[in-house]
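Residue numbers (the UniProt record's numbering): 1 to 124.
Idealized CB from N, CA, C, for every residue including glycine.
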Amino acid sequence: MVDANLNRLKEGIRVVEDIMRYRDNNKELSSKLKSLRHKARVKETKELLMHRDSINDVLRASMQSELNRSDVSSILTANFKRGQESARVLEELYKLENIEYSENFKYIRYELYNLEKEILLQEK
């Protein structure tokens with residue numbers, strides 16, 4: 001569960017980061033997102049990889065809602081939500097094992113809320 005949510009978190013941030021970088025040429029926002037993505041780390045990466053079982057993931061197939069995006073704003077929204085939800089899962093799970101990790105993922109989640117507001121309010 002940790003591995004899947006860590007991947008989802010970083011992937012969601014990366015999509016938004018790349019839109020800010022390549023479409024908008026916005027160094028400030030893409031740098032903030034890159035920094036946030038780099039904060040989404042844990043030390044136990046080898047242990048996570050050992051337990052990864054993406055082939056047998058029961059929700060591996062895409063849902064219909066994941067296949068439909070009407071514009072770049074919908075891509076941004078979906079990926080902000082993906083990141084926020086994953087950060088919340090990691091925050092909750094790490095409350096059982098590592099409070100520093102939990103606080104880090106809480107910080108990431110709130111930064112994503114702030115960036116979502118800033119970026120989506122600028123969208124046309």
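Alpha carbon of residue i to alpha carbon of residue j, nearest angstrom
i: E11; j: R109; result: 14 Å
i: K27; j: M20; result: 8 Å
i: N7; j: M1; result: 10 Å
i: E100; j: R14; result: 23 Å
i: S73; j: L112; result: 15 Å
i: L9; j: S102; result: 14 Å
i: L90; j: A40; result: 10 Å
i: S31; j: K117; result: 17 Å
i: Y94; j: S35; result: 21 Å
i: F105; j: D18; result: 21 Å
i: Y107; j: N25; result: 26 Å
i: R37; j: R88; result: 15 Å
Reduced DSSP category for residue i - H, G, I as helix; E, B as strand; rest coil
i: L121; result: coil
i: D3; result: helix
i: N104; result: helix
i: D18; result: helix
Cutoff 8 Å; reference residue i; Cβ partners in own chain excluding five residues on either side
i: V16; result: L33, L76, N79, F80, G83, L115, I119
i: R23; result: V72
Bounding residues of the alpha helix (DSSP H) (the contiguous stretch that carries residue i)
i: A87; result: 72-94
i: E28; result: 27-39
Cβ shell of residue i (< 6 Å), same chain only, five flanking positions each side left out
i: residue 127; result: Residue 127 cannot be examined here, being either before or after the span of the chain that is shown, 1 to 124.
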